[in-house]
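Undergrad: The listed protein sequences correspond, in order, to chains A and B. Going by my numbering, the residue at position 221 of the first sequence is 323; the numbering climbs one at a time, nothing skipped. Going by my numbering, the residue at position 499 of the second sequence is 1054; the numbering climbs one at a time, nothing skipped.
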Amino acid sequence: MFAYLVRRLLLLLLVLFGVVTLVFFLIHLIPGDPVDIMLGDQALAADKDALRHALGLHRPLGNQYLSYLGDLCRGDLGLSIHSRRPVLTEIGERFPATVELMLGAMLVALLMALPLGIISALKPYGWLDGASMLISFLGISIPNFWLGPMLIILFSIQLGWLPVNERGGLEHLILPAITLGTAMAAMLSRMIRASLLEVLDEEYITNARAKGLPERLVIFKHALRNALIPVITIIGLQVGVLLSGAIITEAIFDWPGLGSLLLEGIYSRNYPLVQGCILVIATVYVLVNLLTDIAYAWADPRVRL
Amino acid sequence: MDQTVTSRWTRRLLLGGCLLLLLACGGGEPAAPPTLQVGLENAPKTLDPRFATDAAGMRITQHLLFETLVQLGPDLTIAPALAERWEVNDPTTYTFHLMPKARFHDDRPLTAADVVFTFEHLMAEETKSPFGPGYRNKIKAIEAVDDHTVRFTLHQPTASFLTSVIIPILPKHVLTAEGDFGAQPVGSGPFAFVSQSPTEIVVAAYKAYAAGAPKVDRVVFKVIKDDNTRFLKLQKGELDLLINALPPNRVAALREAPLKETYAVIESPGIAYSYLGFNLAAPEVQDLRVRQAIAHAIDVNEIIRFRLENHAVPATGLLSPVNWYHSVPGQTYSHDPTKAIALLEAANYRDPDGEGPKARIHLELKTSNNAQVTGIARILQAQLAKVGIDLKLKSYEWGTFYGDIKSGNFQLTSMRWVGVTEPDFFYDLFHSSQIPPAGRNRGRYTNPEMDRLVTEGRLTTDPDARKRIYAEVQDLVARELPYISLWHPNNISVVHRRVQGYEQHPMAGYSSFRMVSLAPAE
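Encoded structure:
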């Protein structure tokens, strides 16, 4: 177990190094100049040069890359070009909003997927299964940018129950979480159904029924617990999808999270900020995957790490 | 058996859902003080007036948080602001007399020393303000004659000087102390800074404002980037004011029931200017007849009517009819495909296959990827195709696009100038010395006649003589077509019916917020 963890953590460093390198060169390859965007139309060439020097953007790219790596090793993500504040501070301000949205979406996904998946597995090929299949298809095909405004129209405008946009109390979280979580719910419900159907065919389930256990116990104690093991993996993998899918959802609901920060960074060619955001997203993704694998071993003692 | 399992779970889930909803709907909001809610498309990049160059940032700082020496009145002429009056002692010397009662929000008086500090600070190299170079070129010296009198000495007569001093006056005592001025700006305007987040800017009425306290307690700017969400927010009645922040096709819905009961739409001619620009360094468009052919091939009225839903007026030049310096040039270009074809023939671009699909000439139009802009580009493409011009469209994300335009990597582009009131802008656009990176002559236009006129225009201080010079400039642009003029979009404010006293300024600014009041909710 310990050796496994060390190996995984070393691998993680390697992956992050690759991400940093790739992002650094990709973002610098895109045409466009942060100094231009920052100083605007009125600035003179001399002033732009001065600012470029002050920001260190005049140095050769390889040189900039090495000093960025060096700073990174010391935990310094650099300064945001526009605000001159540490990138880590800016990300830190936005990160809680993204986590809140992600957890909300995950909760929505589970609340929708569990009953849908269980119901359709218990009565496969019945009308409930068909209905849940339809809901899943819809959920996975409806794009966020359509679902979001539709939910606003229904719940905020017509019914007047929930606010239109912005971050705030729990009532502010509901619509963005549904928007972001629906696609995941759709996929999870199909996963749960398939996995549960498979488990219900196992001999130990027949055994449990034969010894006269109430069906409720058979399903929730014996079948579901085992059926959820592959689902855990999927949830872990979906964290990355939620993080990147959040960009659109955040834009619709003016959610001040990492996604909108990243987008602003790209538009203004704020190199250190973009690098920082992607690095954080990648780190979260890799870490969550590691945790998933550990959780997997915990849920299924047969899996050896 | 399993039937009961599912139904029990369904019940539990339903119950949980209801609880969530109850939680969400509970918690009544306390009665809010009178607050004007204004929707914004983009968050201001900064509220530090030394660095604010974007529209939202400049409006909030210049019109609400800070005061400027002079301001542009509703007719775009220079009007008193912090300076009650001023004298032009000679063409290079200006004396401003400040309002004696002006105070900063921390209750310190605003004096001539602050004005001197503001300009010297902006002009200092180490401030790195984008406004520094402009002032360094104009201002030779600035001195405080007494506590309420400031004298500027210029390098040479500068006709645009009064327009150029419209910049917030900074508090010397705050900026010379430690602290992050951008995060906590202290001004002397009718509203004081309260807070700023990525989605919200709050300012509060400055009760001690010398010219009279604002009638609303607060102005809250909500940053809503998505066009749809912004409209939905209006539908819910959660915004009091949107200025030029709706796509044209949404405005019609606001003029019909039920929205017209809640909102009024104020529409008036604006000063923004949409144009088609040529890169005259590109050989394909160097022939004037080709540019004329394009001008005749474009049906501006069709685009205004069907794409802009009549929320614009055709333009004959950079300066809108609202501007005192506007004049109709001698040459205008009506929609005339036959003439366009004749011009192309004359320029030796013959039709290779009669009615066939082959084009006479291939050109490329580069635009940003803004949906409105690319939609219009497709119409231009169709209109030009009718006279045998094949227009290839390329749209890029703004940073990339802007880089290309500045470096001259384009043939044609469609862009817009916003907020131009001072005709001296023609110097930046068309003087041969202003080719990027020096200035904004991105089309690489050079003409000694133009150079002479725009130089004369900036040195002439007599308004009538200036007007004659700029009439010639507008004539010359229309004749030589470095730009094809398209239209001036109208200013459109959507105002909640509870808002009283809002006046739409041609610059679409916030100057009237001080006079705005809110009718009590029924």
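The beta carbon of each residue, even a glycine, is placed where N, CA and C say it ideally should be. On a predicted model such as this, the values are computed, not experimentally measured, just so you know.
What does histidine 160 of chain A touch in chain B if you count any residue whose Cβ is under 7 angstroms from its own?
TA: Locating residue 160 of chain A in the first sequence gives position 58, where the first residue counts as 1. Neighbours of histidine 160 of chain A on chain B: none; closest Cβ ~14 angstroms, over 7 angstroms.
Undergrad: Apart from the five residues on each side of it in sequence, which residues of its chain come closer than 6 angstroms, Cβ to Cβ, to asparagine 246 of chain A?
TA: Taking the first residue of the first sequence as 1, we reach residue 246 of chain A at position 144. The residues are Thr281, Ile350, Thr351.
Undergrad: Using a Cβ distance threshold of 8 angstroms, determine whether the region 1058–1065 of chain B contacts the region 619–633 of chain B, with at least three qualifying pairs required.
TA: With a cut-off of 8 angstroms, the region 619–633 of chain B and the region 1058–1065 of chain B count as touching, because enough Cβ pairs lie within range.
Undergrad: Going along the region 704–738 of chain B in order, which residues come within less than 8 angstroms of chain A, judged by CB to CB distance?
TA: Residues Gly737.
Undergrad: Give me the subset of the region 249–261 of chain A whose CB atoms are less than 7 angstroms from a CB atom of chain B, sorted by chain position.
TA: Under the 7 angstroms Cβ criterion, the region 249–261 of chain A contributes Pro251, Ile254, Ile255, Ser258, Ile259.
Undergrad: Measure the CB-CB distance between proline 358 of chain A and threonine 754 of chain B and report whether it falls below 8 angstroms.
TA: Taking the first residue of the first sequence as 1, we reach residue 358 of chain A at position 256. Taking the first residue of the second sequence as 1, we reach residue 754 of chain B at position 199. For proline 358 of chain A and threonine 754 of chain B, yes; Cβs fall inside 8 angstroms.
Undergrad: Could you tell me the distance, in whole angstroms, from the CA atom of glycine 734 of chain B to the CA atom of histidine 728 of chain B?
TA: As a working mapping, residue 734 of chain B is identified with position 179 in the second sequence. As a working mapping, residue 728 of chain B is identified with position 173 in the second sequence. Rounded to the nearest angstrom, the two C-alpha atoms are 11 angstroms apart.
Undergrad: For the region 780–795 of chain B, which residues have a CB atom closer than 7 angstroms to at least one CB atom of chain A, in sequence order?
TA: Going along the region 780–795 of chain B in chain order, one finds Lys780, Asp781, Asn783, Thr784, Leu787, Lys788, Gln790, Lys791, Glu793 with a Cβ nearer than 7 angstroms to chain A.
Undergrad: For tryptophan 229 of chain A, count neighbouring C-beta atoms within 10 Å of its own C-beta (all shown protein chains included) and say buried if the count is 16 or more, exposed if not.
TA: Stepping through the first sequence from its first residue, residue 229 of chain A is reached at position 127. By the 10 Å Cβ count, tryptophan 229 of chain A comes out exposed.
Undergrad: Please report the straight-line C-alpha distance between valine 390 of chain A and alanine 1063 of chain B, rounded to a whole angstrom.
TA: Against the first sequence, residue 390 of chain A aligns to sequence position 288. Against the second sequence, residue 1063 of chain B aligns to sequence position 508. Each residue's Cα considered, the two are about 49 angstroms apart.
Undergrad: Aspartate 645 of chain B bridges to which residues according to DSSP?
TA: On the second sequence, position 90 is the one that residue 645 of chain B refers to. Answer is B/Thr648, bridged to aspartate 645 of chain B.
Undergrad: From proline 403 of chain A to glycine 314 of chain A, what does the alpha carbon distance come to, in whole angstroms?
TA: Counted from its first residue, the first sequence places residue 403 of chain A at position 301. Counted from its first residue, the first sequence places residue 314 of chain A at position 212. Straight-line Cα distance between these residues: approximately 27 angstroms.
Undergrad: Which residues of chain C have a Cβ atom closer than 7 angstroms to the Cβ of arginine 295 of chain A, listed in chain order?
TA: In the displayed structure, chain C is absent; the protein chains listed are A and B.
Undergrad: Please confirm if glycine 542 of chain B has its CB atom under 8 angstroms from at least one CB of chain A.
TA: Shown here, chain B extends from 556 to 1077; a query on residue 542 of chain B therefore has no answer.
Undergrad: Name the chain A residues that come within less than 8 angstroms of aspartate 959 of chain B, Cβ to Cβ?
TA: Here the question's residue 959 of chain B lines up with position 404 in the second sequence. Those within 8 angstroms of aspartate 959 of chain B in chain A are Pro133.
Undergrad: Could you tell me which residues DSSP pairs with tryptophan 1042 of chain B in its beta bridges?
TA: As a position in the second sequence, residue 1042 of chain B is number 487, starting the count at 1. Paired residues: B/Ser829, B/Pro869.
Undergrad: Does DSSP put leucine 578 of chain B in a helix, a strand or coil?
TA: Reading the second sequence from its first residue, position 23 is the one you call residue 578 of chain B. Because the pLDDT of leucine 578 of chain B is 43, which lies under 50, any placement of that residue in the model is unreliable, and the question is left without a value.
Undergrad: What in chain A is Cβ-close to glycine 954 of chain B, meaning under 9 angstroms?
TA: For the purposes of this step, residue 954 of chain B is taken as the residue at position 399 of the second sequence. The contacting residues are Ile132, Pro133, Gly134, Asp135, Pro136, Asp138, Ile139, Ile368, Tyr369, Ser370, Arg371.
Undergrad: List, in chain order, every chain B residue whose beta-carbon is nearer than 7 angstroms to that of histidine 184 of chain A.
TA: Taking the first residue of the first sequence as position 1, residue 184 of chain A is located at position 82. Within chain B, the residues near histidine 184 of chain A are Lys600.
Undergrad: In the DSSP assignment, the beta strand (DSSP E) including glycine 628 of chain B goes from what residue to what residue?
TA: Taking the first residue of the second sequence as 1, we reach residue 628 of chain B at position 73. Run containing glycine 628 of chain B: none; DSSP gives neither H nor E here.
Undergrad: Could one say the Cβ of threonine 968 of chain B lies closer than 8 angstroms to chain A's Cβ atoms, at least one of them?
TA: The residue labelled residue 968 of chain B in the question sits at position 413 within the second sequence. Output row for threonine 968 of chain B: interface = no.
Undergrad: At the level of alpha carbons, what is the spacing between serine 185 of chain A and glycine 954 of chain B?
TA: Here residue 185 of chain A corresponds to residue number 83 of the first sequence, with the count starting at 1. Here residue 954 of chain B corresponds to residue number 399 of the second sequence, with the count starting at 1. Going by the C-alpha atoms only, they are around 18 angstroms apart.
Undergrad: Going straight from the alpha carbon of glycine 232 of chain A to that of serine 222 of chain A, what length do you get?
TA: Here residue 232 of chain A refers to the residue found at position 130 when the first sequence is read from its first residue. Here residue 222 of chain A refers to the residue found at position 120 when the first sequence is read from its first residue. Answer to the nearest angstrom: the Cα atoms are 8 angstroms apart.
Undergrad: Quick one: is methionine 204 of chain A buried, meaning 16 or more other Cβ sit within 10 Å of its Cβ, or exposed?
TA: Within the first sequence, residue 204 of chain A is the residue found at index 102, counting from 1. Under this definition methionine 204 of chain A is a buried residue.
Undergrad: Apart from the five residues on each side of it in sequence, which residues of its chain come closer than 6 angstroms, Cβ to Cβ, to cysteine 580 of chain B?
TA: To locate residue 580 of chain B, count along the second sequence from 1; it is residue 25. Note that cysteine 580 of chain B scores a pLDDT of 43, beneath 50, so its modelled location is shaky; the value from the coordinates is reported in the next line. Answer for cysteine 580 of chain B: no residue qualifies.
Undergrad: Can you pull out the residues from the region 931–954 of chain B whose beta carbon lies closer than 9 angstroms to at least one beta carbon of chain A?
TA: Listed in sequence order: Tyr951, Glu952, Trp953, Gly954.
Undergrad: From B/His866, B/Thr650, B/Ser889, pick the residue whose C-alpha is nearest to that of phenylalanine 716 of chain B; which is it?
TA: Locating residue 716 of chain B in the second sequence gives position 161, counting from the first residue. Of the candidates B/His866, B/Thr650, B/Ser889, the one whose C-alpha sits nearest the C-alpha of phenylalanine 716 of chain B is B/Thr650.
Undergrad: Any C-beta of chain B sitting closer than 8 angstroms to the C-beta of arginine 266 of chain A?
TA: The residue labelled residue 266 of chain A in the question sits at position 164 within the first sequence. Note that residue 266 of chain A corresponds to valine in the displayed sequence, not to arginine. Closer than 8 angstroms: yes.
Undergrad: What's the gap between the Cα of isoleucine 276 of chain A and the Cα of glycine 283 of chain A?
TA: One-based indexing of the first sequence puts residue 276 of chain A at position 174. One-based indexing of the first sequence puts residue 283 of chain A at position 181. Their Cα atoms are separated by approximately 10 angstroms.
Undergrad: Give me the chain B residues within the contact set of proline 374 of chain A, using Cβ-Cβ distance strictly less than 8 angstroms, ordered along the chain.
TA: Counting from one through the first sequence, the residue named residue 374 of chain A turns up at place 272. Near proline 374 of chain A there are no residues of chain B at all, since even the closest Cβ is about 16 angstroms away, more than 8 angstroms.
Undergrad: Within the continuous beta strand (DSSP E) that includes glutamine 751 of chain B, where are the two ends?
TA: Against the second sequence, residue 751 of chain B aligns to sequence position 196. That run of the beta strand (DSSP E) goes 746–752.
Undergrad: At 4 residues or longer, and completely inside the region 214–286 of chain A: list those alpha helix (DSSP H) runs for me, N to C.
TA: The region 214–286 of chain A contains these whole alpha helix (DSSP H) runs: 229–243, 246–253.
Undergrad: Let me know if lysine 815 of chain B comes out buried or exposed under the rule of 16 or more other beta-carbons within 10 Å of its beta-carbon.
TA: Start at 1 with the first residue of the second sequence, and residue 815 of chain B comes out as number 260. With fewer than 16 Cβ atoms within 10 Å of its Cβ, lysine 815 of chain B is classed as exposed.
Undergrad: In this structure, does DSSP put glycine 951 of chain B in helix, strand or coil?
TA: For the purposes of this step, residue 951 of chain B is taken as residue 396 along the second sequence, with counting starting at 1. Looking at the sequence itself, residue 951 of chain B is tyrosine, so the reference to glycine does not match. Looking at tyrosine 951 of chain B - three-state DSSP - the assignment turns out to be strand.
Undergrad: Quick check on the DSSP output: the beta strand (DSSP E) that includes leucine 595 of chain B runs from which residue to which?
TA: Sequence index remark: in the second sequence, residue 595 of chain B carries index 40 (1-based). Run containing leucine 595 of chain B: 590–595, per the beta strand (DSSP E) assignment.
Undergrad: Nearest-angstrom Cα distance between tryptophan 1042 of chain B and arginine 805 of chain B?
TA: Reading the second sequence from its first residue, position 487 is the one you call residue 1042 of chain B. Reading the second sequence from its first residue, position 250 is the one you call residue 805 of chain B. Tryptophan 1042 of chain B and arginine 805 of chain B: Cα-Cα distance of roughly 19 angstroms.
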